[in-house]
Amino acid sequence: QVQLVESGGGLVQPGGSLRLSCAASGSIFRFNAMGWYRQAPGKERELVAVISTGGSSKNYADSVKGRFTISRDNAKNTVYLQMNSLKPEDTAVYYCNNDKARLNWGQGTQVTVSS
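According to our numbering, the stretch in the sequence shown is residues 16 to 130, in order.
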């Protein structure tokens with residue numbers, strides 16, 4: 016079973032940037048379309064970005080389109096989320112998983128956008 020470890024979160028001011036990383040164990044990583052999810056306090060977990068197995072196809076939630084960029088490096092078993100122009104409403108715990116959320120969840124990484 017693939018294990019997922021997210022990192023790169025932190026406290027950032029509105030308008031700032033962060034780059035999240037998700038390292039996956041196991042050889043099946045490259046066969047999974049991967050996604051970044053987030054869960055804000057009191058809200059359900061939502062999918063914000065998805066990338067295909069080879070990285071050529073990407074899709075984003077409307078709330079992050081034009082600000083976030085998902086990418087992956089299959090040689091490193093890692094998926095990334097570049098987040099620019101951050102807003103307070105982006106504050107959440109961010110997780111990665113496959114596009115159907117069928118892998119074991121990692122611990123997530125906290126992103127806080129506040130002045």
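Note that the Cβ used here is the ideal one computed from N, Cα and C, for glycine as well.
Opening and closing residue of the beta strand (DSSP E) in which residue i lies
i      : result
Phe83  : Phe83 to Asp88
Ser22  : Leu19 to Ser22
Lys91  : Element bounds for Lys91: n/a, residue is neither H nor E.
Arg53  : Met49 to Gln54
Gly25  : Gly25 to Val27
Trp62  : A small fix is needed here, since residue 62 is Leu in this sequence, not Trp. Run containing Leu62: Glu61 to Ile66, per the beta strand (DSSP E) assignment.
Lys115 : Segment: none, Lys115 is in no beta strand (DSSP E) and carries neither H nor E.
Nearest-angstrom Cβ-Cβ length linking residue i and residue j, presumed shorter than 8 Å
i      : j      : result
Asn113 : Gly50  : 7 Å
Gly41  : Thr124 : Contact doesn't hold; Cβ gap of about 20 Å is too wide.
Ala64  : Lys73  : 7 Å
Tyr95  : Ser36  : 6 Å
DSSP bridge partner residues for residue i (one or two, in chain order)
i      : result
Leu101 : Its beta-bridge partners do not exist; DSSP assigns none.
Gln125 : Val108
Ser42  : The partner list for Ser42 (beta bridge, DSSP) is empty, contrary to what the question assumes.
Lys73  : Ile66
Ser36  : Ser22 and Tyr95
### Task
Assess, as a yes-or-no matter, whether the region 68 to 83 is touched by the region 91 to 101 under the definition of 3 or more beta carbon pairs within less than 8 Å.
yes
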